[in-house]
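In my numbering, the protein residues as written are 704 to 820.
In this text, a Cβ means the ideal position worked out from N, Cα and C, and glycines have one as well.
What follows is a short report on a single structure.
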């Protein structure tokens, strides 16, 4: 058993190759070698978002508020408590609205950048 105490892991800024605007990443857990999932709490300041990207194993987001868009689809508003399940290889982005920050807990198995447009 391994207990990760709240606030015991260092926060970091989201790297520019994956995010636009100010994004803070707070790790929740890293998967052991035998698992394929990790978790983080990610905070997007207003107007911040991810670049278009995919995940080889998909992604699950539990959000407080923000926006999400799949490639070729409309921008969709997401509200507190919404759960967004993104399929493996599905090109998408997610982030804050122009006026409201977004916080999400994510569980994912890998990140693969996709070119914008």
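Just the C-alpha distance for residue i and residue j, rounded to the nearest angstrom, thanks.
i: residue 716; j: residue 780; result: 24 Å
i: residue 743; j: residue 755; result: 19 Å
i: residue 771; j: residue 741; result: 21 Å
i: residue 805; j: residue 748; result: 7 Å
i: residue 734; j: residue 765; result: 18 Å
i: residue 816; j: residue 768; result: The predicted position of residue 816 is uncertain, since its pLDDT is 48 and thus under 50; a value taken from the coordinates is nonetheless stated next. So the two alpha carbons sit approximately 23 Å from each other.
i: residue 753; j: residue 705; result: 31 Å
i: residue 757; j: residue 793; result: 6 Å
i: residue 801; j: residue 719; result: 19 Å
i: residue 803; j: residue 750; result: 8 Å
i: residue 783; j: residue 712; result: 25 Å
i: residue 819; j: residue 714; result: Per-residue confidence for residue 819 stands at a pLDDT of 39, beneath the threshold of 50, marking its modelled position as unreliable; the derived number appears in the next sentence. Each residue's alpha carbon lies about 27 Å from the other.
i: residue 785; j: residue 708; result: 25 Å
i: residue 776; j: residue 795; result: 9 Å
i: residue 790; j: residue 761; result: 5 Å
Where DSSP assigns a beta bridge to residue i, which residues make up the other side?
i: residue 796; result: 772
i: residue 788; result: 763
i: residue 715; result: 728
i: residue 806; result: 746
Assuming residue i is part of the beta strand (DSSP E), what are its boundary residues?
i: residue 729; result: 726 to 732
i: residue 766; result: 762 to 766
i: residue 780; result: 779 to 781
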